[in-house]
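Chains as they are written, first to last, in this note's numbering: chain H, 123 to 602; chain W, 1422 to 1552. All residues carry an ideal CB built from backbone N, CA and C; glycine is no exception. Model, not experiment: these values are computed from the prediction. To keep things clear, I will list the structure first and then write my remarks on it.
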């Protein structure tokens, strides 16, 4: 029973999902709104339970699941993102007859992500990874009538299925060489992995498998299309939640299990990080669709976080892990702001082809002041302007990179940050310095609440980083 | 270390395989020959029609299935696979150190979740055959 008590947040999420699914069957479409509130409540309870269990550390179910600072930190990231998505979706799913399916899928995806954060066994990790992936494939294609949404789901599904296969193949090689799937036991058998060519093969396969989910160049092809085509609230979940799941899985598998092969994968990650951040930032410069621009910026951010794999000091990992939390707030917030703009555009013109086109952001400061101000804060945070979460995380990550002697890497990252400022500032220019083409639009309350929570998170980490940095340091201690 | 593996004994151990090979090669022609010699012949028209478990053949073999057929098939496979999980449960049920009460409750929860899925399919009309 004590085992089950430690899993209270996960159980809350699953039970909420099942109740929503079942209750939705017997409700009329207008009354389904209550399901959205119920899911939000479930997220809040799970979040409180997770915060309460921050200090605990234990292993459950014969060492297949672990509760520790790292797992709880990432659960916090996933649950905050789900909470934001869940609140914003109250408006998005309004009047939709499939509300219960939307919320159940969101909650099941979150459950999968939380299990990945807790997994201490490669098989559990893979199954949880697939659970989160399957739920998000369906979510990406949630707008069945919208061909873009279907395209997004299809591309995501094919890329995801391939990455799942590569991942499983990599895991099977690790198992073949080391004779165990337990993550800490694999680390103990590191010499078996190193003496066998299967070790190197598994590193290559696992980098490819996780690379797809994290969207590292050259495994990123699906990401821009999927983030652009999916409903904005789902893009928020994908970019801010699902991507972090890839990171926590990669942290566990590479830094804990495959630490013996460090020499091989640090070089790979160094190259991938540099290519990813440069490609993401340079391509983002010329995008006219804001969601696509955010997708490429999300590639760039994944490149920054990957630097933690190269530097591998406790401080760098702290930076990377804190970046995951900050990126969760910034990216989820930015996508939800886009969702509000898409809502506004569809109000004027039901047939808009690219509702997130940058022209639709003209004069947003006049038309939707709260959304515009929040989006400004998010994009400046993504660029790393103080006093925001983005600045603190980047500062810790880049300074630890320089301290460990990777000056070249830090220089590339800082140049990239400077490049990124251009396309982030362009959005702000459109919102405040180009005159509006429409009336002022009243902003739907769910979007506003979600945006304000995200703004609060971004500014809280920016103004008062100590507790968050401390939490991230505790999480990094689990790894190294 | 020569001598541990006696190569002649390896070859000898394959003699049964060789016997099998020869017998299996001889068996079909011999049985076919026996059938030809002994069995009676029938020249009825029904002999050349397609075999459909004894009933009269109906229509073309290459027809399109209703897409709902696949929904049924998927639902069937899902529930079929889930039953597989009952098997290991039943094996450890009476084992040492298993609290049978907890085991029963756990399986009930599992079946209850499955039932959720069934009710969902039913209410969503996935089991209704539309034409």
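query, result
"Cβ-based contacts, 7 Å cut-off: residues of the stretch 129–159 of chain H near chain W", "140, 143, 144 and 147"
"Beta-carbon proximity list for residue 392/H, same chain, < 6 Å, skipping 5 on both sides", "432"
"Distance between residue 538/H and residue 423/H (C-alpha atoms, nearest Å)", "10 Å"
"Environment of residue 477/H [buried if 16+ CB atoms lie within 10 Å]", "buried"
"Members of the stretch 1497–1517 of chain W that neighbour chain H once the beta carbon cut-off is set at 8 Å", "none"
"Nearest to residue 288/H (by Cα), restricted to the options 498/H, 341/H, 263/H and 126/H", "341/H"
"Alpha-carbon to alpha-carbon, residue 300/H and residue 577/H", "46 Å"
"Contacts around residue 1422/W, its chain only, beta-carbon distance under 6 Å, and the 5 residues preceding and following it disregarded", "Below a pLDDT of 50, predicted positions are generally treated as unreliable, and residue 1422/W, at 40, falls in that range; no measurement from the model is reported."
"Three-state secondary structure (DSSP) of residue 495/H", "helix"
"Helix, strand or coil at residue 482/H according to DSSP, with G and I counted as helix", "helix"
"Opening and closing residue of the beta strand (DSSP E) in which residue 187/H lies", "187–189"
"Whole-angstrom distance between residue 1430/W and residue 1424/W, CA atom to CA atom", "With a pLDDT of 45 at residue 1424/W, under the threshold of 50, the predicted position of this residue should be treated as unreliable, though the coordinate-derived value follows. Near 11 Å, if we compare the C-alpha coordinates of residue 1430/W and residue 1424/W."
"Residue 1533/W versus residue 144/H - alpha carbon distance", "12 Å"
"Residues near residue 1540/W in its chain [Cβ-Cβ closer than 7 Å; skip 5 each side]", "none"
"Where the alpha helix (DSSP H) containing residue 260/H begins and where it ends", "244–262"
"Chain H contacts from the stretch 1525–1540 of chain W (Cβ-Cβ distance under 8 Å)", "1534, 1537 and 1540"
"Residues of its chain near residue 619/H, where Cβ-Cβ distance is below 7 Å and the 5 sequence neighbours each way are ignored", "The structure shown does not extend to residue 619/H, since chain H is modelled only from 123 to 602, so the question has no answer here."
"Inter-stretch contact at 8 Å, needing at least 3 Cβ pairs: the stretch 385–404 of chain H / the stretch 464–476 of chain H", "no"
"Contact check, residue 480/H vs residue 549/H, beta carbons under 8 Å", "yes"
"Contact list for residue 1544/W against chain H, beta-carbon separation under 7 Å", "147"
"Cβ pair residue 462/H, residue 490/H closer than 8 Å", "yes"
"First through last residue of the alpha helix (DSSP H) which encompasses residue 241/H", "No alpha helix (DSSP H) holds residue 241/H; DSSP gives it neither H nor E."
"Close-in-space but distant-in-sequence residues of the same chain around residue 580/H (CB under 8 Å, 5 per side omitted)", "448, 451, 452, 455, 499, 500, 503, 510, 511 and 512"
"Proximity below 8 Å, CB of residue 443/H to CB of residue 514/H", "no"
"Range covered by the alpha helix (DSSP H) that runs through residue 604/H", "Only positions 123 to 602 of chain H appear in this structure, which leaves residue 604/H out of reach."
"Presumed contact (8 Å Cβ cut-off) between residue 175/H and residue 166/H, rounded CB distance", "So it is not a contact: roughly 15 Å between Cβ atoms."
"Residue 420/H versus residue 1535/W: straight-line alpha-carbon distance, rounded", "38 Å"
"Under the three-state DSSP convention, the category residue 1482/W falls into", "coil"
"Residue closest to residue 297/H, alpha-carbon to alpha-carbon, out of 592/H, 566/H, 285/H and 311/H", "311/H"
"Buried versus exposed call for residue 396/H [16 or more other C-beta atoms within 10 Å across all chains shown]", "buried"
"Cβ pair count under 8 Å reaching 3, the stretch 337–352 of chain H against the stretch 153–173 of chain H", "no"
"Whole-angstrom distance between residue 1512/W and residue 1502/W, CA atom to CA atom", "17 Å"
"Segment contact, 8 Å Cβ cut-off, at least three pairs: the stretch 219–239 of chain H with the stretch 186–204 of chain H", "yes"
"Pairwise C-alpha distance: residue 1478/W and residue 356/H", "51 Å"
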